[in-house]
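Numbering-wise (full-length UniProt numbering), the sequence shown opens with residue 1 and increments by one. Don't be surprised by glycine CBs; every beta carbon is placed ideally from N, CA and C. Please read these numbers as outputs of a predicted model, since none were measured by experiment. Accompanying notes for the structure given below.
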Amino acid sequence: MAAFTSQKQRIAVIGLGSMGFGMATSLKRAGHAVTGCDVSTDAVARFVKDGGAGAKTPAEAAKDADIVVSVVVNAAQTETILFGKDGVAETLPKDSVFMSSATMDPDVARRLAKQLEATGRHYLDAPISGGAQRAAEGELTILASGSAAAFAKARPALDAMAAKLYELGDAAGQGAAFKMINQLLAGVHIAAASEAIAFAAKQGLDIRKVYEVITASAGNSWMFENRMPHVLDGDYTPRSAVEIFVKDLGIIQDMARSARFPVPVSAAALQMFLMTSAAGMGRDDDASVARMYAQVTGVKLPGDK
């Protein structure tokens with residue numbers, strides 16, 4: 001479990017999806033006063049039922065907060081939460097910290113930080129990794145960058161939510177850049193794992209035995225080991241959706257184009273996620289790339305009718 005701190009804080013969590021709900025639960029378990037806010041009233045009601053407080057808007061949630069933890073999907077949502085109607089910047093007390101966990105282009109993280117810091121608040125660029133279960137256990141990996149003051153203000157929340165905290169620089173953008181390198185590899189590995197398991201099925205191999213052999217061999221990856229059981233079980237309930245990698249690998253392409261840096265392998269992976277989304281599986285588990293391969297090639301996978 002993440003280390004608890006004796007310094008109890010008033011913390012708002014904006015975004016109570018699978019990750020945000022677990023993070024809010026970890027903060028509450030550490031003894032902080034936590035208010036949850038989400039576009040889904042059901043998610044807020046569930047958090048209130050579990051002993052937290054609820055708010056209807058980000059502005060309401062941020063009022064009197066020491067720390068705001070934003071756990072939304074992308075930069076656009078983050079900007080709306082900060083500066084849109086009923087946004088956090090309307091009510092967040094001076095010298096409090098906004099901790100952004102969305103995966104985004106580092107240039108956007110730098111812009112949002114500059115805009116918020118000009119108002120006398122702190123911004124911590126803090127993308128997360130680890131999945132919903134580790135979020136609920138307070139065992140996330142957090143890739144953070146920001147000023148010394150931002151880290152100091154956010155420390156109680158970081159202690160409650162993270163098993164591993166990487167302090168990656170003294171300004172926003174560095175955390176986002178590290179996360180994008182992780183997402184490049186994660187997307188490529190899922191696409192490669194999906195290609196391999198579908199190709200194995202095409203060869204008439206027992207794919208459960210393939211999984212056993214590969215996970216004990218040099219060709220294994222964390223994503224192969226983690227995602228391919230979804231294919232073996234024919235269960236594509238989204239733990240992480242295809243659309244996440246459409247977004248993140250798209251950001252990689254934008255960053256690479258700006259830097260005049262070739263990224264052909266991640267570009268190919270992006271096309272596989274795009275094809276999977278176009279085939280109607282965008283909101284399904286990202287292991288659905290294997291299903292897309294199966295549909296194109298006539299391969300039968302577990303769960304196919």
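Handout entry: Three-way DSSP call (helix, strand, coil) for D105 in this model
Key = coil
Practice task
Pull up the CB-CB distance for V263 and I252, whole angstroms please, since I reckon it's below 8 angstroms.
Solution key: 6 angstroms
Exercise for the section: State the Cα-Cα distance for the pair S266 and I142, rounded to the nearest angstrom. Expected result: 23 angstroms
Exercise for the section: Let me know if L112 comes out buried or exposed under the rule of 16 or more other beta-carbons within 10 Å of its beta-carbon. Expected result: buried
Exercise for the section: Indicate whether V13 and G36 have their beta-carbon atoms separated by less than 8 angstroms. Expected result: yes
Problem - Top-ranked residue by Cα proximity to L270, from Y236, R227 and A186 - result: A186
Handout entry: Span separating the alpha-carbon of D122 from that of P93
Key = Per the sequence presented here, residue 122 reads as His, with Asp not at that position. Cα-Cα distance, rounded: 10 angstroms.
Exercise for the section: Go through its chain and collect everything with a Cβ distance to A154's Cβ below 7 angstroms, but skip five positions before and after it. Expected result: I67, V97, M99 and L124
Exercise for the section: Return the CA-CA distance between A157 and A76, expressed in angstroms with no decimal places. Expected result: 24 angstroms
Exercise for the section: Starting from the N-terminal side, write out each stretch of the alpha helix (DSSP H) that is 4 residues or longer and does not extend beyond the region 177-255. Expected result: 207-214 and 222-233
Problem - Alpha-carbon to alpha-carbon, I197 and M223 - result: 12 angstroms
Handout entry: Residues of its chain near K247, where Cβ-Cβ distance is below 8 angstroms and the 5 sequence neighbours each way are ignored
Key = V73, N74 and T103
Problem - D304 beta carbon less than 8 angstroms from that of Y236 - result: no
Problem - Where M1 falls, given that 16 or more other Cβ within 10 Å makes a residue buried - result: Note on M1: pLDDT 47, under 50, position unreliable in the model; the coordinate value appears next. Exposed.
Practice task
Quick one: give me the first and last residue of the alpha helix (DSSP H) that G138 is part of.
Solution key: Run containing G138: none; DSSP gives neither H nor E here.
Exercise for the section: State the Cα-Cα distance for the pair A148 and Y166, rounded to the nearest angstrom. Expected result: 14 angstroms
Practice task
Would you give the residue range spanned by the alpha helix (DSSP H) that E79 belongs to?
Solution key: A75 to F83
Practice task
Please classify A33: does DSSP put it in a helix, a strand, or coil?
Solution key: strand
Practice task
Specify the secondary structure class of F98 as computed by DSSP and reduced to three states.
Solution key: strand
Exercise for the section: Please check the pair A89 and T119, which I expect to be a contact at CB under 8 angstroms, by giving their CB distance rounded to whole angstroms. Expected result: 6 angstroms
Practice task
Note down the Cα distance separating A61 from G54, rounded to an integer number of angstroms.
Solution key: 8 angstroms
Problem - Proximity below 8 angstroms, CB of I190 to CB of V48 - result: no
Handout entry: Touch test, the region 228-244 against the region 160-177, Cβ-Cβ under 8 angstroms, three pairs minimum
Key = no
Problem - Pair within 8 angstroms by beta-carbon distance, S26 and G138 - result: yes
Handout entry: Cutoff 7 angstroms; reference A150; Cβ partners in own chain excluding five residues on either side
Key = V97, H122, Y123 and L124
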